[in-house]
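Q:
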Amino acid sequence: MAGDTGHEQRLRFAVLGPVRAWRGDETVRTGSPQQRALLAALLLRGGRTATAAELVDALWGDDPPHAALAALRTYASRLRKAFGPDADVLASEAGGYALRTGVGSLDIDTAERLAAEADKARVGGNPGGARALINEALAVWDGEPLAGLPGPYAGTQRARLEEWRLGLLETRLDLDLEIGHHAEAVSELTALTAAHPLRERLRELLMLALYRSGRQAEALAVYTDTRRLLADELGVDPCPELAKLQQRILNGDADLNLHLPTDQGAAGPAFIRPAQLPATVSDFTGRAAFVDELSHQLATADGRIMAVSAVAGIGGVGKTTLAVHVAHAARNHFPDGQLYVDLQGTGPVVADPEAVLGAFLRALGTPDSAIPEGLQERSALFRSTLDGRRILTLLDNARDAAQVRPLLPGTEGCAALVTSRTRMVDLAGAHLVDLDVMSPEEALVLFTRIVGEERVGAERDAAMDVVALCGFLPLAIRIAASRLAARRTWTVSVLARKLGDEHRRLDELRAGDLAVKASFELGYGQLEPAQARAFRLLGLPDGPDISLSAAAAVLDLDPEETEELLETLVDTSLLESAAPGRYRYHDLLRLYARSCAERDEHPPEERESAMSRLLDFYLATAAGVYVLERPGDQLLKHLTPTRHPGLAFTDRAAGADWLHTEAGCMLACARRHAADTGDPLRKAVDLLQALNDLIESGAYSRMYANAATGLLAATRASGDTWAEGRARTVLAHVHTLAGRFAEADEVAAEAVRLAHDSGDVFTLCMAANFRAIVSIYQQRYEDAETHCVQALSSFRSDGNRNGAASALSNLSRIHGHTGRSDSAVRLAEESLDIYRDLNVSWRLANGRYAYGMALASAEQHERALAQFSEALSIFRSNRQRMWEGWSLYRMAEIHHAMGDHAQGASHAEQALARLRGISGEWRRGDILAVLGHCLVRLGQRERAYACWTDALSVFEQLGYEKEATEVRGLLRLANA
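Residue numbering for the sequence shown follows our numbering, starting at 60 and increasing by one per position.
(1) DSSP three-state call for N316: helix, strand or coil?
(2) If we count the other Cβ atoms within 10 Å of its Cβ and call it buried at 16 or more, is H240 buried or exposed?
(3) Where do the N-terminal and C-terminal ends of the alpha helix (DSSP H) with T780 fall, by residue?
(4) Would you tell me roughly how many angstroms separate the C-alpha atoms of G469 and T452, rounded to the nearest one?
(5) Would you mind stating whether S880 and S916 have Cβ atoms separated by less than 8 Å?
(6) List the DSSP bridge partners of L398.
(7) For the beta strand (DSSP E) containing R830, list its first residue and its last residue.
(8) Just to confirm, is the Cβ distance from A682 to L695 under 8 Å?
(9) Report the option in L505, L974 and A863 whose CA atom is closest to the CA atom of L532.
(10) By alpha-carbon positions, which one of K378, T548, W717 and A964 ends up nearest to R480?
(11) In the DSSP assignment, find the alpha helix (DSSP H) that holds Y948 and state where it starts and stops.
(12) Suppose you measure from the CA of A733 to the CA of V811; what does that come to, to the nearest Å?
(13) Could you pull the start and end residues of the beta strand (DSSP E) that D493 belongs to?
(14) Just to confirm my understanding: we take V295, look at its own chain, exclude 5 residues before and 5 after, and list those with CB closer than 6 Å. What are they?
(15) Output the distance between the C-alpha atoms of R1002 and E259, rounded to the nearest integer angstrom.
(16) Just to confirm, is the Cβ distance from R973 to G991 under 8 Å?
(17) Using 10 angstroms around the beta-carbon of V629, count the other beta-carbons present and answer buried if the total reaches 16, otherwise exposed.
(18) Taking only the alpha-carbon atoms, compute the straight-line gap between A930 and R907 and give it to the nearest angstrom.
(19) If I measure Cβ to Cβ from P704 and keep anything under 7 Å in the same chain, skipping five residues before and after, which residues do I get?
(20) How would you call H794, buried or exposed, if buried means at least 16 neighbouring beta carbons within 10 angstroms?
(21) Quick one: what does DSSP say L72 is sitting in, helix, strand or coil?
(22) Rank L897, Y910, A656 and E512 by C-alpha distance to the C-alpha of S882 and give the top, closest one.
(23) What residues are listed by DSSP as bridge partners for E85?
(24) Does the segment 805–819 touch the segment 772–787, meaning 3 or more C-beta pairs lie closer than 8 Å?
(25) Just verifying my parser: in three-state terms, what is the DSSP assignment at A410?
(26) Would you kindly report the start and end of the unbroken alpha helix (DSSP H) that includes T249?
(27) Under 8 Å between the Cβ atoms of D168 and A73?
(28) According to DSSP, is S552 part of a helix, a strand, or is it coil?
(29) Rounded to the nearest angstrom, what separates A539 and L486 at their Cα positions?
(30) Determine, using beta carbons only, whether A18 and T621 come nearer to each other than 8 Å.
(31) Express the C-alpha separation of A544 and G511 in angstroms, rounding to a whole number.
(32) Using CA atoms only, rank isn't needed, just tell me which of E85, P186, D524 and P600 is closest to G723.
(33) Report the option in E921, R449 and H392 whose CA atom is closest to the CA atom of E1049.
(34) Any idea which residues DSSP pairs V370 with across the strands?
(35) Which residue or residues does DSSP assign as beta-bridge partners of I933?
(36) Rounded C-beta distance between A369 and L491? I'm assuming under 8 Å.
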C-alpha cells in the first residue's frame, strides 16, 4: 500500500524552501519548475485527491496552455518514474491525482509537531523549553517556501507559509522577552520591523524590548514612528494593544518589568533555580535557640516585603556554619532557589557589590549581554528579576551595611541572611542576632563528635580543658579536634598540655580577633616543618586562589611534592581545595599565615624570594603565551630576565585558557609589587605588558587599570625611568581603550621621552604606535602619520615583524582617512601578508579588520564586509568580546553606506549588546550615531532622534566636542 511504513521510511519531501525529495539520504530528481509545482500542489493537500481541473488552475490559473491536461499526465508520469520503487505513492483517482505519503514525511509535518510541542511547553510553564522548540521549528525552513515555483497556487501557499513563519518568529521573540533576553531581541526586532514595517506585533515587541533594556525614549519613539507610518500608508491609527503599551510606558507601569514565574519548567534554560549554598557540616552542634530564632524569621518571610537577618560575632565563632545550617533547613520555604556569596569583608579587598550582582544575575539565567554596567542598574535589575519569585540570599562575611544594601532582594517572599563581624545596626529593618561563643556543654559535644566518644570519655576533664583553652570558639575547637583525630597516638591530655604552653600560642588572652589567631596557632603549631613553611608562604600572594603550578613556584618544589603538602593542609582544614588543582585560604587563615611568615620565616628574605619566584613564574608563562599568539614579536628579548621558569604551552587554546583562568591572580601579583623597587618592580610592569590580551578582550579592565595606575606611581617614586616608561605605555593602552585620548597621548608622549633617555627600544616602539592610534581617533592625521612612521621604523629596526604589521595597519587607516584609498589597501594587504606569514591566530583578525577598513575607504563594500565577517568569526572563537563589538560596528557602517539600512541597524544593535559594560562610553556614542542614521532611512525618525539624543549625551559627558557638534546638526535637521 502507498501509505505503509515502508514508504514512510523511504521517501521524504520538503516545501519550506526549494521543493525537494529524498529516498533515504539520496536526492530524488523532481524535474522542471512546472513539474515541481505539481508535486507541491499534491503535497500541500495532505493526501486528498485533487481533480485535474484544480491542478490546471493551480499551475496556470486563468491562462492554461492548450495541452494542459496532457502536460499534467506527463508530469505525473515523470514523478512516478523518479519515485522508482515508491511510485505507487502517486495515485490516479477519479480523473485526478493524490500523493499518499507517510506520516511525518513532509517538512511541514515536522514544523507543525514542534510548534505544537512548544505550545504545550509554554502552557505548562516552561517558556525556555518552548523557545527551544520554536527555534527547532524555525530551523526547518530553508529559505523562501516553494522557491522558484510558478503558478497562482504556489504564490498563495508561499504567502501562507511565510505568514506562518513570521507568526512563529513573533512567538519566539515574545518568549525571548518572557525569559529575559530582551537586549538580544532588540537587534533582531529592529531588522524585522524594517523588513515588515506595517506589522504592528513586531513593533509592540520592539517597544517592550527597548523599554526593558533601559531605552525608554527609543521605545516611545517606535510608537511615534509607527503612528506616522500607519497614517501615511493606510490612513489608520495604531492598534489598541500598541496604544495601550505606549501609555503604560509613559506611566512607568511596573508590570512591564520582567517577571520570572515561580515554576520554571524542567527544560527552561533561562529559569535556573540556583542552589549555591555551601555544604552544611554533618556534625553541627548546639545553637538551638539561634537556629529557632533565625528559622522563624525565614519561615515567615512570605507576605513580608523582605526578611533580613544579620548575624554578627567575632571571627571563628561559627557565623557561617550557623547561617548555612539554617539556610539549608529553610530551603523548602524558598522553592525558587538560594544564592550565596562570600563578601570577603575581612580581607584587604572586599567583594565589589557590582561584581556580586553580575554573578547573581548570571546564576538566575540573565545572559551577559543583558547585564547592565553600574551598581544601581544591576541592583534594579536584580530586584526586577526576583519579582514574583521566592529566593533566599546568603550574604556571608560582609564588611558593613553599605556593602550589603545593594544586594538585598527588596521583594515580597524573598529573604536575606547576612553574616558579619560588624553588628549592622544601620541596616534598616534587619533582625539582628549576636552570636557568642559556645557554651561549655555545646563545645564539648562538638569536640566529642569529631574526636570520638571513646577517647573523650576516658579523659573528660582534659577534654573540657582543651575546649576552654580554645576559648569555646567553634573554629578553634574544630581545628584542635581534627588534629587530635588524625593522631591516634596522642591522648587528649597531650593536646591539653600543648595548648597550655603559652610559648606555643599568640597572645591568647587578648580579646576579639586575636582569640581566633590563638586558635589558629594550635593547628599551625602541630604542622611538620615542611607543612608549616608551605602554610606560611602560600598566604603571601594576593588573589582569589592559587594554582598548583603557581604554588610550586612559591615553595620552589616540584608539583608532585607541592600537591602532597597542600593536600595535607586541606586535611587539617588550614587550606581549602577550591577546585581540582586550585587552593585557597579562608580570609582569616590567610591573615594568620602572613603573620606567621613575618614571625617565623628565616631568613626573612625568603618571603621576598617566594614572591619573586611567583612573579617570575607568572611573567615567564604569560610572556610565552603572548609570543605563542604573536610569532615574530620581540617582547621576550626585552623583558627583565626571570630566574624561575614558567609553564610552556604549544597549543594556543590551552595557553589562552591558562591566561584567562589565572588573570585575577596575576593582576593581584603585579599590583602587590607596586611597593617594590628594582627588578621586582620592573618585572611587575613587564607582566602587565605580557597580559595585553586580557584588556583587549574587555575582561578584567578595571583590575588591569588599577594595577597599571599603581605601578606607574611606584615607578615614578622609585626614579626608575626605564620602568616608568613601560608603565606609561601600559597605561596609555588602558586610556586608549577607554576613550580617554587626551590622557593617553600625554602618557604615551612622556613614555617616548623616557624611552629615549633609558634606551628602551621596546617602549619606544609601543609608545609611538599608541600615539599614532590616539591621533587617528582624534583625527590629527598628520601627527598620526609622523608617529606611525616612527613606530614602523622602530619595529623594523628591532626585527619585530608582528609590531611592524600593527604599525602598517595603522598607517593604512591614516591613508584611508586622508583620501589615499589605493595606498591604504596596499598597506593593509602588506600587513595582512605579514600576519599570514607569521601564522598568527587572533591577531590575523586584527589584520583583516584593518584590511576591511581600507577596503571600506575605497568603497569596496562587499569585500570589506567579507573581511570584517572573517575577523568577527576569529574574534569570537578567541574570546575577544571587545573586538567582536567593534567589528559589528564597522559592519553596521558599511551596510548603511550600501543602503542596507535594516542590516546596518541590526549590526549596530548587536554591537551595543556585545560592548555593554566593557568598551567605554565613547564607542557607544559612535554606534548610537550610526544606528540613528540607519533608522532614519528606515522611516523610524523618532527612534533615530532618541538614539542621537543619547549619543549627544555621551559625547558631551566625554568632552568630545567635534562629535557632539555633528550630532547636534543631525538633531537640528531631524527637527526641521
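Just so it is clear, CB atoms sit at the ideal spot from N, CA and C, and this is done for glycine as well.
A: In terms of the structure at hand:
(1) Looking at N316 - three-state DSSP - the assignment turns out to be coil, as it is neither helix nor strand.
(2) The residue in question, H240, is buried, as its Cβ has 16 or more Cβ neighbours within 10 Å.
(3) DSSP places T780 in the uninterrupted alpha helix (DSSP H) bounded by T780 to L796.
(4) Taking the straight line from one Cα to the other gives about 11 Å.
(5) In terms of Cβ geometry, S880 and S916 form a close pair [threshold 8 Å].
(6) DSSP output for L398 lists T452 as bridge partner(s).
(7) Secondary structure note for R830: it is in no beta strand (DSSP E), and the uninterrupted alpha helix (DSSP H) holding it is V820 to Y836.
(8) With a cutoff of 8 Å on beta-carbon distance, A682 and L695 are scored as near each other.
(9) Looking at the Cα atoms, L505 is the closest of the given residues.
(10) It is K378 whose Cα lies nearest to the Cα of R480.
(11) Where Y948 is concerned, the enclosing alpha helix (DSSP H) stretches over R940 to M957.
(12) In this structure, the CA atom of A733 is about 22 Å from the CA atom of V811.
(13) That run of the beta strand (DSSP E) goes H490 to D493.
(14) Closer than 6 Å at the Cβ level, and outside the excluded window around V295, lie L289.
(15) A direct Cα-Cα distance of roughly 16 Å separates R1002 from E259.
(16) No. Outside cutoff.
(17) Classification of V629: exposed, given that the 10 Å Cβ count is below 16.
(18) Taking the straight line joining both Cα atoms gives about 6 Å.
(19) Result list for P704: A679, in chain order.
(20) The residue in question, H794, is buried, as its Cβ has 16 or more Cβ neighbours within 10 Å.
(21) The sequence given here has Phe at residue 72, not Leu. Of the three classes helix, strand and coil, the one that applies to F72 here is strand, per DSSP.
(22) Considering only L897, Y910, A656 and E512, the residue with the shortest C-alpha distance to S882 is Y910.
(23) Looking at the DSSP output, E85 sits in a beta bridge with R82.
(24) Counting Cβ pairs under 8 Å, three or more are found: they touch.
(25) If DSSP states are grouped into helix, strand and coil, A410 belongs with coil.
(26) Counting along the chain, the unbroken alpha helix (DSSP H) around T249 starts and ends at H241 to A254.
(27) Annotated as distal: D168 and A73, with beta-carbon spacing of 8 Å or more.
(28) S552: helix per DSSP, three-state reduction.
(29) The C-alpha of L486 is placed about 36 Å away from the C-alpha of A539.
(30) Here the chain covers residues 60 to 1035 and nothing more, so residue 18 does not appear.
(31) Rounded to the nearest angstrom, the two C-alpha atoms are 8 Å apart.
(32) Ranking E85, P186, D524 and P600 by Cα distance to G723 puts P600 first.
(33) Residue 1049 is absent from the model: the chain starts at 60 and stops at 1035.
(34) Bridge partners of V370: T478 and V492.
(35) In the DSSP output, where bridge partners are listed per residue, I933 has none listed.
(36) Between L491 and A369 the Cβ distance is about 5 Å, and since that is below 8 Å, they are a contact.
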